[in-house]
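Chemist: First, the structure itself, so that you have it in front of you.
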Amino acid sequence: MGARLFTAIVPPDRVVEELDAFLEPRRVAEPRLRWTRPETWHLTTAFMPDVPDGSLDRLVEGLDQAAARTPAFDLALAGGGAFPHALETRLLWLGVMEAAVQPLAQLAERSRNAAVRSGVRVDGARFTPHLSLARAGRPLDTTRLIRVLDTFEAPGWFADELVLVQSHLHDQARRYEVLERFTLAGHPGEERTRKPYDTGE
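Numbering-wise (this note's numbering), the sequence shown opens with residue 4 and increments by one.
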(Lines of atoms letter the chains of each structure in order from A and count residues from 1; the text may use other names and numbers.)
(Lines give C-alpha, C1' and ligand atoms only; values in the text may rest on other atoms or scores of the structure.)
Protein backbone atom coordinates (compact mmCIF):
# COMPACT_ATOMS: atom_id res chain seq x y z
CA MET A 1 0.00 0.00 0.00
CA GLY A 2 1.40 3.37 -1.03
CA ALA A 3 1.28 6.69 0.77
CA ARG A 4 -1.94 8.64 1.21
CA LEU A 5 -1.17 12.15 -0.06
CA PHE A 6 -2.95 15.35 -0.97
CA THR A 7 -2.06 18.82 -2.19
CA ALA A 8 -3.64 21.85 -0.57
CA ILE A 9 -3.69 25.53 0.26
CA VAL A 10 -3.36 26.06 4.03
CA PRO A 11 -4.90 29.18 5.63
CA PRO A 12 -2.58 31.39 7.72
CA ASP A 13 -2.69 31.34 11.51
CA ARG A 14 -4.75 34.54 11.83
CA VAL A 15 -7.51 33.05 9.65
CA VAL A 16 -7.45 29.79 11.60
CA GLU A 17 -7.69 31.66 14.91
CA GLU A 18 -10.67 33.77 13.82
CA LEU A 19 -12.54 30.79 12.40
CA ASP A 20 -11.79 28.72 15.51
CA ALA A 21 -13.22 31.45 17.75
CA PHE A 22 -16.28 31.80 15.50
CA LEU A 23 -16.96 28.05 15.62
CA GLU A 24 -16.47 27.51 19.36
CA PRO A 25 -20.10 28.21 20.41
CA ARG A 26 -21.36 26.23 17.39
CA ARG A 27 -19.38 23.18 18.47
CA VAL A 28 -21.06 23.33 21.87
CA ALA A 29 -24.49 23.77 20.30
CA GLU A 30 -24.08 20.87 17.86
CA PRO A 31 -22.34 17.94 19.60
CA ARG A 32 -23.72 15.43 17.09
CA LEU A 33 -21.07 16.55 14.62
CA ARG A 34 -17.43 15.42 14.79
CA TRP A 35 -15.61 18.71 14.37
CA THR A 36 -12.22 18.81 12.64
CA ARG A 37 -9.19 20.15 14.49
CA PRO A 38 -8.05 23.66 13.49
CA GLU A 39 -4.48 22.48 12.90
CA THR A 40 -5.75 20.20 10.12
CA TRP A 41 -7.70 22.82 8.17
CA HIS A 42 -6.85 23.10 4.48
CA LEU A 43 -8.32 23.49 0.99
CA THR A 44 -7.56 20.31 -0.96
CA THR A 45 -6.60 20.65 -4.63
CA ALA A 46 -5.81 16.98 -5.35
CA PHE A 47 -6.26 13.78 -3.34
CA MET A 48 -4.02 10.78 -4.08
CA PRO A 49 -5.02 7.78 -1.94
CA ASP A 50 -2.22 5.38 -2.94
CA VAL A 51 1.10 6.87 -4.10
CA PRO A 52 3.88 4.31 -4.74
CA ASP A 53 7.30 5.20 -3.32
CA GLY A 54 8.81 5.13 -6.79
CA SER A 55 6.45 7.84 -8.04
CA LEU A 56 7.14 10.46 -5.37
CA ASP A 57 10.10 12.17 -7.05
CA ARG A 58 8.21 12.51 -10.36
CA LEU A 59 5.17 13.78 -8.50
CA VAL A 60 7.17 16.45 -6.65
CA GLU A 61 8.79 17.63 -9.88
CA GLY A 62 5.43 17.81 -11.63
CA LEU A 63 3.83 19.75 -8.79
CA ASP A 64 6.74 22.17 -8.73
CA GLN A 65 6.19 22.87 -12.42
CA ALA A 66 2.44 23.23 -11.91
CA ALA A 67 2.96 25.76 -9.12
CA ALA A 68 5.45 27.69 -11.25
CA ARG A 69 2.78 28.15 -13.94
CA THR A 70 0.01 29.21 -11.54
CA PRO A 71 -0.16 32.83 -10.33
CA ALA A 72 -0.65 33.47 -6.62
CA PHE A 73 -4.08 34.92 -5.85
CA ASP A 74 -6.23 36.61 -3.22
CA LEU A 75 -8.26 34.16 -1.16
CA ALA A 76 -10.84 34.28 1.63
CA LEU A 77 -13.16 31.70 3.17
CA ALA A 78 -16.84 32.41 2.56
CA GLY A 79 -20.18 30.63 2.58
CA GLY A 80 -21.24 27.42 4.27
CA GLY A 81 -22.15 24.19 2.51
CA ALA A 82 -22.61 20.46 2.98
CA PHE A 83 -22.11 17.16 1.18
CA PRO A 84 -24.25 15.65 -0.16
CA HIS A 85 -26.64 18.48 0.79
CA ALA A 86 -27.88 20.47 3.79
CA LEU A 87 -30.85 18.25 4.63
CA GLU A 88 -28.75 15.08 4.88
CA THR A 89 -25.32 16.37 5.80
CA ARG A 90 -22.39 14.00 6.05
CA LEU A 91 -19.71 16.69 5.71
CA LEU A 92 -20.08 20.33 6.74
CA TRP A 93 -17.75 22.80 5.08
CA LEU A 94 -16.83 26.41 4.41
CA GLY A 95 -16.28 27.56 0.84
CA VAL A 96 -14.27 30.40 -0.68
CA MET A 97 -15.07 33.84 -2.03
CA GLU A 98 -16.37 33.88 -5.60
CA ALA A 99 -13.29 35.61 -7.04
CA ALA A 100 -11.06 32.78 -5.77
CA VAL A 101 -13.06 29.89 -7.25
CA GLN A 102 -11.54 30.07 -10.74
CA PRO A 103 -7.86 30.38 -9.73
CA LEU A 104 -8.29 27.66 -7.11
CA ALA A 105 -9.96 25.39 -9.68
CA GLN A 106 -7.09 26.06 -12.08
CA LEU A 107 -4.57 25.11 -9.41
CA ALA A 108 -6.57 21.95 -8.67
CA GLU A 109 -6.63 20.98 -12.35
CA ARG A 110 -2.88 21.46 -12.68
CA SER A 111 -2.21 19.59 -9.44
CA ARG A 112 -4.29 16.64 -10.62
CA ASN A 113 -2.73 16.65 -14.08
CA ALA A 114 0.74 16.64 -12.54
CA ALA A 115 -0.19 13.61 -10.48
CA VAL A 116 -1.62 11.71 -13.43
CA ARG A 117 1.45 12.44 -15.59
CA SER A 118 3.66 11.06 -12.81
CA GLY A 119 1.68 7.82 -12.78
CA VAL A 120 -0.27 8.55 -9.60
CA ARG A 121 -3.97 7.76 -9.27
CA VAL A 122 -6.07 10.79 -8.33
CA ASP A 123 -9.50 10.77 -6.69
CA GLY A 124 -11.89 11.62 -9.51
CA ALA A 125 -14.51 13.55 -7.54
CA ARG A 126 -15.63 16.83 -9.11
CA PHE A 127 -13.69 19.72 -7.62
CA THR A 128 -15.63 21.85 -5.14
CA PRO A 129 -13.38 24.23 -3.18
CA HIS A 130 -14.06 23.72 0.52
CA LEU A 131 -12.52 23.55 3.97
CA SER A 132 -13.93 20.61 5.95
CA LEU A 133 -15.35 21.64 9.32
CA ALA A 134 -17.26 18.64 10.66
CA ARG A 135 -18.53 15.16 9.83
CA ALA A 136 -21.77 13.47 10.79
CA GLY A 137 -22.08 9.83 11.80
CA ARG A 138 -25.59 9.81 10.35
CA PRO A 139 -27.28 12.30 8.00
CA LEU A 140 -28.21 15.57 9.73
CA ASP A 141 -30.15 18.65 8.70
CA THR A 142 -27.63 21.49 8.98
CA THR A 143 -29.64 24.17 7.19
CA ARG A 144 -29.60 26.56 10.15
CA LEU A 145 -25.93 25.97 10.85
CA ILE A 146 -25.03 26.71 7.23
CA ARG A 147 -26.90 30.01 7.51
CA VAL A 148 -24.74 30.83 10.52
CA LEU A 149 -21.59 29.94 8.57
CA ASP A 150 -22.71 32.33 5.85
CA THR A 151 -22.28 35.19 8.34
CA PHE A 152 -18.60 34.46 8.96
CA GLU A 153 -16.50 37.40 7.78
CA ALA A 154 -13.11 35.88 7.15
CA PRO A 155 -9.93 37.89 6.77
CA GLY A 156 -8.42 37.40 3.35
CA TRP A 157 -4.87 36.40 2.48
CA PHE A 158 -2.57 36.14 -0.53
CA ALA A 159 -2.39 32.45 -1.44
CA ASP A 160 1.14 31.94 -2.72
CA GLU A 161 2.00 28.42 -1.56
CA LEU A 162 0.89 24.88 -2.42
CA VAL A 163 1.76 22.07 0.00
CA LEU A 164 2.10 18.33 -0.50
CA VAL A 165 0.91 16.50 2.60
CA GLN A 166 0.98 12.89 3.76
CA SER A 167 -1.92 11.67 5.88
CA HIS A 168 -1.02 9.13 8.59
CA LEU A 169 -3.65 7.08 10.40
CA HIS A 170 -2.81 6.52 14.08
CA ASP A 171 -5.29 5.18 16.65
CA GLN A 172 -8.18 6.07 14.32
CA ALA A 173 -6.97 9.69 14.14
CA ARG A 174 -5.32 11.42 11.21
CA ARG A 175 -1.95 13.14 11.50
CA TYR A 176 -0.73 15.35 8.68
CA GLU A 177 2.94 15.68 7.64
CA VAL A 178 4.00 18.34 5.16
CA LEU A 179 6.39 16.74 2.65
CA GLU A 180 7.00 19.63 0.25
CA ARG A 181 6.10 23.29 -0.19
CA PHE A 182 5.84 24.93 -3.60
CA THR A 183 5.75 28.68 -4.21
CA LEU A 184 3.18 29.86 -6.74
CA ALA A 185 4.15 32.34 -9.43
CA GLY A 186 4.28 35.89 -8.06
CA HIS A 187 3.83 39.26 -9.66
CA PRO A 188 5.85 39.98 -12.83
CA GLY A 189 9.50 40.51 -11.98
CA GLU A 190 9.35 38.67 -8.65
CA GLU A 191 11.84 35.86 -8.10
CA ARG A 192 10.23 32.48 -7.54
CA THR A 193 11.91 29.78 -5.47
CA ARG A 194 10.94 26.30 -4.39
CA LYS A 195 10.79 26.02 -0.63
CA PRO A 196 12.80 23.27 1.07
CA TYR A 197 11.56 19.96 2.39
CA ASP A 198 9.75 20.32 5.72
CA THR A 199 8.68 17.49 8.01
CA GLY A 200 6.56 19.71 10.24
CA GLU A 201 2.79 19.41 10.42
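Where is the CB? At the ideal position from N, CA and C, for every residue including glycine.
Computed from a predicted structure; not experimentally measured.
#1: Around the Cβ of PRO199, are there at least 16 other Cβ atoms within 10 angstroms (buried) or fewer (exposed)?
#2: Given that a residue counts as buried once 16 or more other Cβ atoms are within 10 Å of its Cβ, and exposed if not, what is PHE50?
#3: On a Cα-Cα basis, can you pick out the residue from ALA117, ALA118, PHE161, PRO87 that is closest to PRO205?
#4: Please list, in chain order, all residues of the same chain as VAL123 whose beta carbon is under 7 Å from its beta carbon, the five residues on each side excluded.
#5: Where in the region 29–100 do unbroken runs of the beta strand (DSSP E), each at least 3 residues long, occur, reported from the N-terminal end onward?
#6: Using a Cβ-Cβ cutoff of less than 7 Å, which residues in the same chain neighbour ASP153 once the five nearest sequence positions on both sides are dropped?
#7: Nearest by alpha-carbon distance to THR43: which of PHE76, ASP23, GLU27 is it?
#8: Whole alpha helix (DSSP H) runs in the region 103–128 with 4 or more residues, listed along the chain?
#9: Strictly under 7 Å for the Cβ-Cβ distance: is THR39 near chain D by that measure?
#10: Strictly by DSSP, which residues pair up with THR10?
Modeler: This is what the structure holds:
#1: Numbered from its first residue, the sequence shown carries residue 199 at position 196. In this predicted model, PRO199 has a pLDDT of only 40, less than 50, meaning its place in the structure is not dependable enough to derive any value.
#2: Start at 1 with the first residue of the sequence shown, and residue 50 comes out as number 47. So PHE50 counts as buried.
#3: With the chain running from 4 to 204 in the structure shown, residue 205 is simply not present.
#4: Mapped onto the sequence shown, residue 123 falls at position 120. Hits under 7 Å: MET51, VAL54, SER58, LEU62.
#5: 36–38, 46–54, 76–78, 80–86, 92–99
#6: The residue you call residue 153 lines up with position 150 of the sequence shown. Here the set comprises GLY82, GLY83.
#7: The count along the sequence shown starts at 1 and reaches residue 43 at position 40. That would be ASP23, whose Cα lies nearest to the Cα of THR43.
#8: none
#9: Here chain D cannot be found, since the structure has a single protein chain.
#10: Walking along the sequence shown from the start, residue 10 turns up at place 7. DSSP, once it has assigned bridges, lists ALA49, LEU167 as partnering THR10.
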